[in-house]
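Trainee:
Residue numbers (this note's numbering), protein chains in the order written: chain X, 437 to 552; chain H, 14 to 438.
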């Protein structure tokens, strides 16, 4: 299994800073780190929560994905997209996610805390 | 990152301007009102997501006449003895207490599209800015000659939740060894495409496990083929020998009539007399509330815009789940739950200027064949040429390892817990 840890492009990277700064000046909106990503992540995540509980609970069979480190989340989804991991449902889902989608999802789920 | 003073001061003004440009349809009104009809996977989900994600900015009312919801999904696992009845019954309480959804415990009997009101059986009229209809299916009682609403007690369908589900299990328990069960399968399109065949599997599982191996199950199908057929049929032979016999229309030559009094089923080819149990799963159509509102052709399903789940006949009405024509998406709980999230996103965009994204859809249907032996079918879908079109699909393969089948069943069980949590908690 190839968790080859694709590096995330955080907004605080130099390129991200410049882009976000320019966006803020252009539209006059306060630059909030990954604000757009959050909304995208939240919407995309609603597809995940049909199977992966938002509480982080699981009876087994489907792994909890709440609170994962972002890089691990990205690596696992990418390995499904490359069909290196073998679940048909996840392969089909991962195949259509863009890099931005995956990053948004990783950020969103990493921001959540599993319920006890 | 540093925030400049300019950013901080200009930001809120710009945001206000942006939300005005978004032009919420109900600008000037205190709260946008969304009425949701039907508390199943489509309705419960859209109500929850609208209420939860709008932080009180949308007043959501869920109209549902039943106090509890029995899932149709996994009702076959109850019939097969894998779940208790209580395990497939859920309550709406958390939708009200956790998300502030108003529960209207009544039946919606009419949509007044001109006045934008839903009329309830108790006489109330609920005004809406947007209406979501998720009423599920109605049965076509005249689709099998000799069968009727009155006959559904004797020849149960078990295709709507509640007492009918329990009747199926009671009839199955009463089948003697050597008895014949006839299942009349429905024509397309219908709720839960693999459902009849999973149910036949559960019949066989129960019969085999209770010393009734001489009983037989005859499926009379109006369709030439059925969902997951290439996996179900070899599995049936492997698991249950010759107990399950599937006959397509070329073999049975048409289902001519049933007689509930004598337990007889007549086909063009053969007459089945003294059947121990006849399970009639009739043809189906969109629930009456949607048909009567003029959103579906006679006896059919509601056409929707694939990008928004809105009725093509009324832009203020969304139709979800089994009642709509979702193109390549099957009529499943998974589909309805998934469509509800697209609808919630679109409606929040319109009503409270929340961000919107291109619609995308997903479905997976699991079916249990025997203990720790499940199969699945699914796919992803996108709007294309005015319909929801499959982009990529997958299906279990015949001859998969017992480990894969065991994992698929574990997934099935976990999915049930998750979708119910997604709908009701």
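Note that the Cβ used here is the ideal one computed from N, Cα and C, for glycine as well.
Drop a sphere of 10 angstroms on the beta-carbon of residue 143(H), count the other beta-carbons inside from all chains shown, and report buried for 16 or more, exposed for fewer.
Mentor: buried
Trainee: When you compare each of 433(H), 421(H), 395(H) to residue 532(X) by their alpha carbons, which one comes out closest?
Mentor: 395(H)
Trainee: Please check if any C-beta of chain X sits within less than 8 angstroms of the C-beta of residue 35(H).
Mentor: Confidence is the limiting factor: at residue 35(H) the pLDDT is only 42, short of 50, which leaves the residue's position unreliable, though a coordinate-based value still follows. With 8 angstroms as the cut-off, residue 35(H) does not count as an interface residue toward chain X.
Trainee: Check the Cβ-Cβ distances between residue 375(H) and every residue of chain X, and say whether any is below 8 angstroms.
Mentor: yes
Trainee: Any C-beta of chain H within less than 9 angstroms: which residues of the stretch 505–528 of chain X qualify?
Mentor: 522, 523, 524, 525, 527, 528
Trainee: By Cβ distance, which residues of its chain are closer than 6 angstroms to residue 117(H), with the 5 residues on each side in sequence left out?
Mentor: 74, 76.
Trainee: For chain H, check one thing: does any of its Cβ atoms lie closer than 8 angstroms to the Cβ of residue 458(X)?
Mentor: Bear in mind that a pLDDT of 36 at residue 458(X), under 50, signals an unreliable position, so the number given afterwards is only what the model happens to contain. Residue 458(X) does not count as touching chain H.
Trainee: Using a Cβ cut-off of 8 angstroms (strictly closer), state whether residue 423(H) contacts chain X.
Mentor: Residue contact check for residue 423(H) against chain X: a CB pair falls below 8 angstroms.
Trainee: From the beta carbon of residue 62(H), is the nearest beta carbon of chain X less than 8 angstroms away?
Mentor: yes
Trainee: What does residue 522(X) pair with, by DSSP beta-bridge criteria?
Mentor: Note: residue 522(X) sits in no beta bridge, so no partner.
Trainee: Taking the straight line between their C-alpha atoms, what separation do you get for residue 85(H) and residue 261(H)?
Mentor: 25 angstroms
Trainee: Verify whether the separation of the beta carbon atoms of residue 269(H) and residue 254(H) is less than 8 angstroms.
Mentor: no
Trainee: Beta carbon of residue 300(H), beta carbon of residue 149(H): below 8 angstroms?
Mentor: yes
Trainee: Would you say residue 94(H) and residue 219(H) are within 8 angstroms of each other, going by their C-beta atoms?
Mentor: yes
Trainee: Name the chain H residues that come within less than 7 angstroms of residue 479(X), Cβ to Cβ?
Mentor: 358, 370
Trainee: For the beta strand (DSSP E) containing residue 380(H), list its first residue and its last residue.
Mentor: From DSSP, the beta strand (DSSP E) with residue 380(H) extends over 374–383.
Trainee: To the nearest angstrom, report how far apart residue 139(H) and residue 57(H) are at their CA atoms.
Mentor: 18 angstroms
Trainee: Could you name the residues of chain X that residue 405(H) contacts, counting a contact when the two beta carbons are closer than 8 angstroms?
Mentor: 528, 531, 532
Trainee: Tell me, please, whether the CB atom of residue 483(X) is closer than 8 angstroms to any CB atom in chain B?
Mentor: Looking for chain B here will not work: the only protein chains present are X and H.
Trainee: For residue 550(X), decide whether its Cβ has a neighbour in chain H, counting only Cβ atoms nearer than 8 angstroms.
Mentor: no
Trainee: With the cut-off set at 8 angstroms, would you say residue 207(H) and residue 238(H) are in Cβ contact?
Mentor: no
Trainee: If you check the beta carbons only, do residue 192(H) and residue 289(H) fall under 8 angstroms apart?
Mentor: yes
Trainee: What are the start and end residues of the beta strand (DSSP E) that includes residue 395(H)?
Mentor: 386–397
Trainee: Along the chain, where does the beta strand (DSSP E) containing residue 249(H) start, and where does it finish?
Mentor: No beta strand (DSSP E) holds residue 249(H); the alpha helix (DSSP H) holding it covers 242–253.
Trainee: So, with DSSP's three-state summary, where would you put residue 277(H)?
Mentor: strand
Trainee: Report all residues from its chain with a CB closer than 6 angstroms to the CB of residue 104(H); omit the five preceding and five following residues, and keep chain order.
Mentor: 81
Trainee: How long is the line joining the alpha carbons of residue 379(H) and residue 547(X), rounded to whole angstroms?
Mentor: 31 angstroms
Trainee: I need the DSSP call for residue 87(H), collapsed to helix, strand or coil.
Mentor: coil
Trainee: Which residues in the same chain have their Cβ closer than 8 angstroms to the Cβ of residue 233(H), if we skip the five residues on either side of it in sequence?
Mentor: 195, 196, 197, 198, 260, 265, 268, 278, 280
Trainee: Determine contact between the stretch 339–349 of chain H and the stretch 396–405 of chain H, defined as no fewer than three beta-carbon pairs at a distance below 8 angstroms.
Mentor: A contact is defined here as three or more CB-CB pairs under 8 angstroms, and the stretch 339–349 of chain H meets this definition with respect to the stretch 396–405 of chain H.
Trainee: Which residues in chain H sit within 9 angstroms of residue 547(X), going by Cβ to Cβ distance?
Mentor: Those do not exist, as residue 547(X) stays about 15 angstroms from chain H at its closest Cβ, beyond 9 angstroms.
Trainee: Looking at the strands, I want to know which residues DSSP matches up with residue 486(H).
Mentor: Absent from the structure is residue 486(H), since the part of chain H shown begins at 14 and ends at 438.
Trainee: Note the first and the last residue of the continuous beta strand (DSSP E) segment covering residue 487(X).
Mentor: No beta strand (DSSP E) contains residue 487(X), which DSSP labels as neither H nor E.
Trainee: At what residues does the beta strand (DSSP E) containing residue 163(H) begin and finish?
Mentor: Looking at the DSSP string, residue 163(H) is not in any beta strand (DSSP E), and its letter there is neither H nor E.
Trainee: In angstroms, rounded to a whole number, what distance separates the CA positions of residue 291(H) and residue 366(H)?
Mentor: 53 angstroms
Trainee: Is there a C-beta anywhere in chain H that falls below 8 angstroms from the one on residue 498(X)?
Mentor: yes
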